[in-house]
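Q: What the sequence shown shows, in mature numbering (1 follows the signal peptide of the UniProt record, and there is no 0), is residues -26 to -1, 1 to 288, in sequence order.
Dropping a structure here in structure tokens format, bear with me for questions.
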Amino acid sequence: MRVAKICLAIVSFTLPLFLSLSFSFAQIPIDDDIPSRTLDSVLQDYAFKVFSKPKTGVPYDAQLPNSLIGVHVSALRLRSGSLRTRGVEAYKEFQIPPGVVEQPYVERLVLVYHNLGNWSEKFYPLPGYTYLAPVLGLLSYNGADLNAQKLPELDIRASDKPILIKFHDVKSAPYGSFPKCVYFDLHGSVQFDILPSDNICSTMQQGHFSIVVESNAPTPAPAAVAATIDQSGGKKKFNVWIIVGSLVGGCTLLILLSLLVVRLVKIRNGMKIQEMEWRADSNETLQMTSVGGTKAPLAIGTRTRPTIETDYIP
Ligand SMILES: *[C@@H]1O[C@H](CO)[C@@H](O)[C@H](O)[C@H]1NC(C)=O
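See below:
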């Protein structure tokens, strides 16, 4: 059936589109849904608490509660002009070249460093992959108010050379496997990149970084996809299923409707044919004659005269 085929074609072409849309949904920042974003906010608070009379350009290590043993956090306060013109030669594993600018503009900013240590997998689960290094983070905040809590991040971008992350103590990858750089942006999306042999990853933006290798156990790709969507909460997944559902539902309705239309057309055609057959059968053209102003059929006489079957003469 043609309509069904067209419908199937529409569904099979648009379904991948919607699935890819679900990726862009995953990039919509609804930060409260992502546990790692709550952690970012908590760590910002602890990082800012280390400043009493902070010297500009000196990193301070934060004191974290016992519930976060294994995580390391530092804070570095800078003039934005100095970041832009000179960069930071070495801030823990990060090397920040000149040309990094923040949006919106602030006079002073604070770069908060994260090393998630053995908590990396808990906050950045990556099914199908094994971490060879801890997840490291670099996030930027307005440094105007050092008592501020729940500060939104500034947007920093390298404009010229990339920011480099030089990982120490990287576990060796299993023989024959290829380690990759992994990058998590602040909105829950994940990107992979090839890892040069010297264990240095690069980025133009802030976020979280690590080195991973694909786990031996063959895991289907959809697991990673589901994880990406899951990270940004069930709401968007729900949205996608509503769209897919209504698409399939709409198509089914369309097929049913077209079946009905086809049926009706068939019935109508059948009636026409019957009428035509009936006309042909009757095979009688009546002579027309004018009566007054209108034309009317005129029967001159009957062709077969009635005959009495049995001559009955009383
Ligand atoms: C990380 O290690 C510390 C001890 O070194 C432990 O207290 C903590 O529970 C560990 N965290 C996780 C997520 O395993």
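Glycine residues also receive a C-beta, built at the ideal position from the N, C-alpha and C atoms.
Predicted, not measured: the structure shown is a model, and the values here were computed from it.
So what does Ser48 bridge to, in DSSP terms?
A: For the purposes of this step, residue 48 is taken as residue 74 along the sequence shown, with counting starting at 1. Asp35, Tyr87, per the DSSP bridge assignment.
Q: Where do the ends of the alpha helix (DSSP H) carrying Thr59 lie?
A: Counting from 1 along the sequence shown, the entry for residue 59 is found at position 85. Thr59: member of the alpha helix (DSSP H) spanning 54 to 60, first to last residue.
Q: Which residues bound the alpha helix (DSSP H) around Lys29?
A: Numbered from its first residue, the sequence shown carries residue 29 at position 55. Per DSSP, Lys29 is not a residue of any alpha helix (DSSP H), being assigned neither H nor E.
Q: Quick check on the DSSP output: what are the complete beta strand (DSSP E) runs of length 3 or more inside the stretch 67 to 138, in order along the chain?
A: The beta strand (DSSP E) runs of length 3 or more contained entirely in the stretch 67 to 138 are, from start to end of the chain, 68 to 70, 74 to 77, 82 to 89, 103 to 105, 110 to 116, 129 to 132.
Q: From Glu67 to Ile139, what does the alpha carbon distance come to, in whole angstroms?
A: In the sequence shown, the residue the question calls residue 67 occupies position 93. In the sequence shown, the residue the question calls residue 139 occupies position 165. Taking the Cα positions, Glu67 is about 5 Å away from Ile139.
Q: How would you label Tyr115, buried or exposed, when you count the other beta carbons within 10 angstroms and need 16 or more for buried?
A: Here residue 115 is taken as the residue at index 141 of the sequence shown, counted from 1. So Tyr115 counts as buried.
Q: In whole angstroms, give me the CA-to-CA distance for Arg58 and Thr226.
A: As a first step, residue 58 must be located in the sequence shown, where it is residue number 84. As a first step, residue 226 must be located in the sequence shown, where it is residue number 252. So the two alpha carbons sit approximately 58 Å from each other.
Q: Say the cut is 7 Å; is the CB of Asn92 nearer than that to a heavy atom of ligand 1?
A: One-based indexing of the sequence shown puts residue 92 at position 118. Correct: Asn92 has its Cβ closer than 7 Å to ligand 1.
Q: What do you reckon, is the C-beta of Lys96 under 7 Å from a heavy atom of ligand 2?
A: The ligand content of the structure shown is limited to ligand 1, which means ligand 2 is not among them.
Q: Can you tell me whether Tyr149 is helix, strand or coil according to DSSP?
A: Taking the first residue of the sequence shown as 1, we reach residue 149 at position 175. Three-state DSSP puts Tyr149 in coil, outside helix and strand.
Q: Can you tell me whether Gln37 is buried or exposed? The criterion is at least 16 other CB atoms within 10 Å of its CB, across all chains shown.
A: Working through the sequence shown from its first residue, we reach residue 37 at position 63. Classification of Gln37: exposed, given that the 10 Å Cβ count is below 16.
Q: With DSSP as the reference, please indicate the residues paired to Gln248 in a beta bridge.
A: Along the sequence shown, read from residue 1 onward, the residue named residue 248 stands at position 274. Assignment of beta-bridge partners to Gln248 by DSSP yields no partner.
Q: Below 8 Å on the Cβ atoms is my guess for Leu110 versus Phe166; work out the distance and round it to an integer in Å.
A: The sequence position of residue 110 within the sequence shown is 136, counting from 1. The sequence position of residue 166 within the sequence shown is 192, counting from 1. About 16 Å; that fails the 8 Å criterion.
Q: Would you mind reading off the limits of the beta strand (DSSP E) that contains Phe183?
A: Indexing the sequence shown from 1 puts residue 183 at position 209. Annotation: the continuous beta strand (DSSP E) that includes Phe183 extends over 181 to 188.
Q: Would you say Gly44 touches ligand 1, meaning its beta carbon is less than 7 Å from a heavy atom?
A: Residue numbering aside, residue 44 sits at position 70 when the sequence shown is read from its first letter. Because some heavy atom of ligand 1 lies under 7 Å away, the Cβ of Gly44 counts as near it: yes.
Q: Rounded to the nearest angstrom, how far is the Cβ of Val80 from that of Leu128, given a contact under 8 Å?
A: What you label residue 80 is simply residue 106 of the sequence shown in a count that begins at 1. What you label residue 128 is simply residue 154 of the sequence shown in a count that begins at 1. At roughly 7 Å, the Cβ-Cβ gap stays under 8 Å, so Val80 and Leu128 are in contact.
Q: In chain order, what residues of the same chain lie with their CB nearer than 6 Å to the CB of Asp19, ignoring the 5 residues before and after it?
A: In the sequence shown, residue 19 corresponds to position 45, counting from 1. For Asp19, where only same-chain residues beyond five positions count, the Cβ hits under 6 Å are Gln123.
Q: Buried or exposed: which applies to Val235, given that a residue is buried once 16 or more other Cβ atoms fall within 10 Å of its Cβ?
A: Counted from its first residue, the sequence shown places residue 235 at position 261. With fewer than 16 other Cβ atoms within 10 Å, it is exposed.
Q: What is the DSSP secondary structure of Phe141, reduced to helix, strand or coil?
A: Taking the sequence shown and counting its residues from 1, one reaches residue 141 at position 167. It is coil, neither helix nor strand.
Q: Can you list, in chain order, the residues of its chain whose CB lies under 7 Å from that of Ser151, leaving out five sequence neighbours each side?
A: If you number the sequence shown from 1, residue 151 lands on position 177. Excluding positions up to five away in sequence, the list reads Val187, Glu188.
Q: Out of curiosity, what's the CA-to-CA distance linking Leu230 and Arg242?
A: Position 256 of the sequence shown, counted from the start, is the residue given in the question as residue 230. Position 268 of the sequence shown, counted from the start, is the residue given in the question as residue 242. Roughly 18 Å separates the two Cα atoms.
Q: For Ala64, count neighbouring C-beta atoms within 10 Å of its own C-beta (all shown protein chains included) and say buried if the count is 16 or more, exposed if not.
A: Along the sequence shown, read from residue 1 onward, the residue named residue 64 stands at position 90. Burial call: exposed.
Q: Where does residue 317 land, buried or exposed, given buried means 16+ other C-beta within 10 angstroms?
A: Lying outside -26 to 288, the shown extent of the chain, residue 317 is not represented and no answer is given.
Q: Using the Cα positions of Ile8 and Tyr87, report the straight-line distance between them to the nearest angstrom.
A: For the purposes of this step, residue 8 is taken as the residue at position 34 of the sequence shown. For the purposes of this step, residue 87 is taken as the residue at position 113 of the sequence shown. The straight-line gap from Cα to Cα measures roughly 19 Å.
Q: Hey, could you find the ends of the alpha helix (DSSP H) Ser41 is sitting in?
A: Translated into positions along the sequence shown, residue 41 becomes position 67. First-last for Ser41: undefined, no H or E at that position.
Q: DSSP on Asp172, reduced to helix/strand/coil?
A: In the sequence shown, residue 172 corresponds to position 198, counting from 1. Coil, per DSSP.
Q: Taking only the alpha-carbon atoms, compute the straight-line gap between residue 359 and Gln248 and give it to the nearest angstrom.
A: Residue coverage of the chain in this structure runs from -26 to 288, which leaves residue 359 outside it and unanswerable.
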